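Inspection log for the structure reproduced underneath, given as structure tokens.
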Amino acid sequence: MSCEERSCISRFIDWFIDRLGMKSISEFKVYRHTLHPLYSLGGLTTLMFAILGITGILLLMFYVPVFGESNLAYDSIVRIMEEVAYGSVIRSLHNYAANLMILLSMLHFLRVYFMGAYKRPHELTYVIGILAGLLAILGGVTGYSLRMDHVAAEAIRIGNTLVSNMPGGKWIAPLIYGIGTFDEIIGRYFAYHILIAGLIALLALLHFLMVHEHHSSPPYDGSDPEPAVPFFPNHLLTEISAIFVVLGALIILSAAFPAELGQKFLPTETLPVGQPEWYLMAIYAGIKTGVDPFLAFAVVPGILLLVLVLMPWIDPTYSRHPRNRRIATLYGSILLGEFVVFTIYGILTPGQEIPLIYAIAVGSATAILIGLPVAKYTSKPVPPKKADRVRRVRHRPQILSQAKYILLIILIVQAISLALGVDSHFQELYSLAAIYFGISIMASGWIIFIAKVVTVDIPYITRQVEVKI
Amino acid sequence: MVEMTRRDFIKASVVTSVALAAASLGIPLIQYISSERVVTGKIGAGSSSLPLKIANINDLEPDSQIQFTMPLNPDGSRGQHPAILIRLRPELAQRAGTELKAFSAICPHLGCLVHLEENDDIYCPCHAGYFSPIDGGVIAGPPKKPLPEVEIRIDENGDIYAEGWKK
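Residue numbers (the working numbering), protein chains in the order written: chain A, 1 to 469; chain B, 1 to 167.
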């Protein structure tokens, strides 16, 4: 057969997808409502996880998981930051991606929760998502402990004390911490950190398969404007361009603002008091009130979380609209408020106790200030919205005619930044080079995106037109 | 010049751009992987056993502390337990009947490291816990248990040894 009618490349792609057994995916349609930015949070979390996997493997090459006589682990990180080419960028990328993964998974959770997306048949998808999010936090804790700076040593010791003092801790602590020397703890945390990454990968895969099988949940007002967009190639290209843009932006951020490293921890030196990472701050604020630590770090957060996990069964209403789900909306918004308030409270009181009475006062005030308006908001159920009286018509965006010039300009910018990057690279100014390379990668994302919009997307670009009755 | 159709131009620019992006990722990666891994420092922890020489009395001013690491945890298991040796200021030494005291440096509340504040008590900076430098008992703050005390001995040369944990 000749390659005349369709290009050889596209015929090869067809063959490849067919033989991979992914023909069904290539015929998959993406619902319009899932193109809203709020629906990208889960995907961005996955992207962060992928970046973490790759940068993590790269860091394995230079990290030394040994305490030895004088904290070799910390020394190896200093070497990564100062002597290994692009080491600072790779470690900062790992650090930013870790924090962003936790933040994005929380935002993704909020989107799912408040839109009622956990409802039938998505209950287990939701539970597995929460499990993966908790593992991400554990991955963060074991990860930042591997730095062995003063913050890490503090975190390890506090963790060890909390676990040892909880009921049954005498037997559990040695399983996690060994005999408690830093050599043992680093080796174990290192192993757990990688184990957790593997578990997250498995759960994430399961999560995707379930979303694929059950489809993304419909929007709560039942509107889903047609036409749906094909996954291949339209949506896949959107995702690829987003990957390039986000990756490039993160590289620029990591090169411009390298991740911090605390002071070297040595058992015989007095060091400043470290503070936990932001995602543990609310729980840490609870511990600081002086109540029984087991209550503060395990029992109370555990019960609050269990209610969230069970929400698909607690919240029985059929409607997904937040106004019609009074229990879920009230509980979620108050819990979110408390989390934010106590995170801030914890950050504002470093190295100080929070008197229990203050904590109770602040907690109640937050609950009332958020609970009252939300109770009012959910007092009147809204009936299901009637289908929009709109019609969608084909739309030809202005950009089409200028696309050529825009592409050319971005391409020139990309070529120049790549050239500048290579120049800085050979001068061994690796951070500067990384900024230029980041711009070049971002530019590529925009080019793919624009090219996609002006070619394969055209039949799907529509505009709403009101229908006069 | 060869005429290019609009579609060809878009395709060519995407392919070029992706190739440039691949170079932007590949160059740093190759350079990173070609870096050298150098490990300096001793891998084995300094082997220490009891009795453990901490310091000489002449190295320690009154009202000051020296940090050291006990090879045993207070419950008798092996470990690296941070501890502090304190030379009491005169008025406290009189009350305690001895000049030298040593305690675990780990706050029983949450596990932060405690230290001796000058002209004051042993202090935990995490949540403002205070301990007596005479017997390690809690004076103020959230901790509920006292600091475990280390048995110490001083020989005729003024060398101070940790003997073990006081029961």
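Cβ coordinates follow ideal geometry from the N, Cα and C atoms, glycine included.
Fair warning: this is a prediction, and the values are worked out from it, not measured in the lab.
Are the CB atoms of residue i and residue j nearer to each other than 8 Å?
i: Lys145/B; j: Pro90/B; result: no
i: Arg67/B; j: Thr46/A; result: The question names Arg, but residue 67/B in the sequence shown is Gln. Result no, Cβ atoms of Gln67/B and Thr46/A do not sit closer than 8 Å.
i: Glu154/A; j: Gly274/A; result: yes
i: Ile158/A; j: Leu110/B; result: yes
i: Phe265/A; j: Asn95/A; result: no
i: Val84/A; j: Ser35/B; result: yes
i: Ser440/A; j: Leu85/B; result: no
i: Ala136/A; j: Ile80/A; result: no
i: Pro381/A; j: Arg463/A; result: no
i: Val14/B; j: Ala451/A; result: yes
i: His193/A; j: Thr125/A; result: no
i: Ile370/A; j: Gly346/A; result: no
i: Pro74/B; j: Ala105/B; result: no
i: Ile447/A; j: Leu237/A; result: no
i: His150/A; j: Leu271/A; result: yes
i: Ala434/A; j: Tyr63/A; result: no
i: Thr152/B; j: Ile139/B; result: The sequence shown places Ile at residue 152/B, not Thr. Cβ distance not < 8 Å, so Ile152/B and Ile139/B don't count as in contact.
i: Leu146/A; j: Ala73/A; result: yes
i: Ala152/A; j: Gly445/A; result: no
i: Leu58/A; j: Tyr130/B; result: no
Any beta carbon from chain A within less than 8 Å of residue i's own beta carbon?
i: Thr40/B; result: yes
i: Asn73/B; result: yes
i: Met1/B; result: Below a pLDDT of 50, predicted positions are generally treated as unreliable, and Met1/B, at 42, falls in that range; the measurement from the model is reported next regardless. Not closer than 8 Å to any Cβ of chain A, the Cβ of Met1/B fails to qualify, so no.
i: Pro142/B; result: yes
i: Ala128/B; result: yes
i: Arg78/B; result: yes
i: Ala21/B; result: yes
i: Thr16/B; result: yes
i: Leu50/B; result: no
i: Phe103/B; result: no
i: Arg7/B; result: yes
i: Ser132/B; result: no
i: Tyr123/B; result: no
i: Tyr161/B; result: no
If residue i and residue j are in contact, beta carbons under 8 Å, what's the gap, nearest whole angstrom?
i: Phe190/A; j: Phe67/A; result: That belief does not hold up - the Cβ atoms of Phe190/A and Phe67/A are roughly 11 Å apart, past 8 Å.
i: Ile77/A; j: Leu261/A; result: 6 Å
i: Ile27/B; j: Val422/A; result: 7 Å
i: Pro142/B; j: Gly351/A; result: Not a contact, Cβ separation roughly 12 Å.
i: Met442/A; j: Ala249/A; result: 6 Å
i: Ala255/A; j: Leu203/A; result: Not really, about 32 Å apart at Cβ, beyond 8 Å.
i: Ser92/A; j: Pro258/A; result: 5 Å
i: Ala197/A; j: Gly129/A; result: Not confirmed; about 17 Å, so no contact.
i: Arg325/A; j: Ser319/A; result: 7 Å
i: Pro293/A; j: Asn165/A; result: 6 Å
Where does the unbroken beta strand (DSSP E) through residue i begin, and where does it stop?
i: Ala140/B; result: 138-140
i: Thr98/B; result: Run containing Thr98/B: none; DSSP gives neither H nor E here.
i: Glu149/B; result: 149-154
Shorter than 8 Å from the beta carbon of residue i to some beta carbon of chain B?
i: Leu506/A; result: Outside the modelled stretch of chain A, which goes from 1 to 469, sits residue 506/A, for which no answer is possible.
i: Val453/A; result: no
i: Asp423/A; result: no
i: Lys29/A; result: no
i: Ile461/A; result: no
i: Trp15/A; result: no
i: Met115/A; result: no
i: Gly487/A; result: Because chain A in this structure spans residues 1 to 469, residue 487/A falls outside the shown range and cannot be described.
i: Ser70/A; result: yes
i: Val465/A; result: no
i: Lys404/A; result: yes
With respect to the alpha helix (DSSP H) encompassing residue i, which residues constitute its N-terminal and C-terminal limits?
i: Arg79/A; result: 72-82
i: Lys166/B; result: Taken as a continuous stretch (DSSP letters only), Lys166/B belongs to no alpha helix (DSSP H), as it is neither H nor E.
i: Phe257/A; result: Where Phe257/A is concerned, there is no enclosing alpha helix (DSSP H), given that its DSSP letter is neither H nor E.
i: Gln398/A; result: Unbroken run through Gln398/A: none, as it is neither H nor E.
i: His125/A; result: With the sequence shown as reference, residue 125/A is identified as Thr, and His is not the correct amino acid for it. Per DSSP, Thr125/A belongs to the alpha helix (DSSP H) from 123-145.
i: Met442/A; result: 430-454
i: Ile461/A; result: Unbroken run through Ile461/A: none, as it is neither H nor E.
i: Arg120/A; result: Arg120/A -> no alpha helix (DSSP H), and no H or E assigned at all.
i: Thr16/B; result: 6-33
i: Gly41/B; result: First-last for Gly41/B: undefined, no H or E at that position.
i: Ser364/A; result: 356-377
4-residue-minimum alpha helix (DSSP H) runs that sit fully inside the segment 182-235 of chain A, ordered along the chain: You should have 182-214.
Exercise for the section: Tell me the start and end of each unbroken alpha helix (DSSP H) in the segment 265-347 of chain A that is at least 4 residues and wholly inside, in chain order. Expected result: Inside the segment 265-347 of chain A, DSSP marks whole alpha helix (DSSP H) runs of 4 or more residues at positions 278-287, 300-314, from first to last along the chain.
- Message: List, from N- to C-terminal side, the alpha helix (DSSP H) runs of 4 residues or more that fit wholly inside the segment 156-180 of chain A.
- Response: Counting whole runs of 4 or more residues, the segment 156-180 of chain A contains the alpha helix (DSSP H) stretches 169-177.
Taking the runs of the alpha helix (DSSP H) that are 4 residues or longer, which of them lie wholly in the segment 6-86 of chain A?
Inside the segment 6-86 of chain A, DSSP marks whole alpha helix (DSSP H) runs of 4 or more residues at positions 8-19, 23-26, 41-60, 72-82, from first to last along the chain.
Could you pull out every unbroken alpha helix (DSSP H) segment of at least 4 residues lying fully inside the segment 45-130 of chain B, listed in chain order? Runs of the alpha helix (DSSP H) inside the segment 45-130 of chain B: 90-96.
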